[in-house]
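Q:
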Amino acid sequence: MDDAFHFIMSNKGLNTEINYPYKGVDGTCNAKKASTHAAQLTGFEDVPANSEAALLKAVANQPVSVAIDAGGSDFQFYSSGVFTGSCGTQLDHDMSCNLWFSIHHE
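Residue numbers for the sequence shown follow full-length UniProt numbering, beginning at 1 and rising by one.
#1: Just to confirm, are S10 and P63 a CB contact at a threshold of 7 Å?
#2: When DSSP builds the beta bridges, which residues end up paired with A67?
#3: Would you check if the segment 88-95 and the segment 54-74 touch, i.e. whether three or more CB-CB distances between them fall below 8 Å?
#4: Rounded to whole angstroms, how far is the Cβ of G13 from the Cβ of H37, which I believe are closer than 8 Å?
#5: In angstroms, rounded to a whole number, what distance separates the CA positions of N50 and F7?
#6: Would you give the residue range spanned by the alpha helix (DSSP H) that I8 belongs to?
Written out as structure tokens, the structure reads:
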């Protein structure tokens, strides 16, 4: 994900899907559309892997980009709520973590 963040910063922002839709084919850049930015990124930091405490601290301040292994059956059959399946090691799917909560039952 670091490469994507560096790309956004070096291009002074990110366009919207509505304004500049993904077409899934090679083409040329439309400079006029590419210069319209809906969001900017001024910096980022990496959260240490496998640190629940570090993730909790980070998500308390801003959305956090996370990567998971989406190839396992746990994720394939996931439908809603907090994902509690195996994390896997073949990270191939990026998501955003915007909220963290925990309910403890005694």
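In this text, a Cβ means the ideal position worked out from N, Cα and C, and glycines have one as well.
It should be emphasised that the depicted structure is a prediction, and the values quoted were computed from it without experimental measurement.
A: The short version:
#1: The residue you call residue 10 lines up with position 10 of the sequence shown. The residue you call residue 63 lines up with position 63 of the sequence shown. Cβ atoms of S10 and P63: not closer than 7 Å.
#2: Position 67 of the sequence shown holds residue 67. DSSP, once it has assigned bridges, lists D94 as partnering A67.
#3: Taking a cut-off of 8 Å for Cβ pairs, the segment 54-74 and the segment 88-95 touch, as three or more such pairs fall below it.
#4: The residue labelled residue 13 in the question sits at position 13 within the sequence shown. The residue labelled residue 37 in the question sits at position 37 within the sequence shown. Rounded, the Cβ-Cβ distance is 3 Å, consistent with contact.
#5: For the purposes of this step, residue 50 is identified with residue 50 of the sequence shown, where counting begins at 1. For the purposes of this step, residue 7 is identified with residue 7 of the sequence shown, where counting begins at 1. Straight-line Cα distance between these residues: approximately 26 Å.
#6: Taking the first residue of the sequence shown as 1, we reach residue 8 at position 8. Start and end: D2 to S10.
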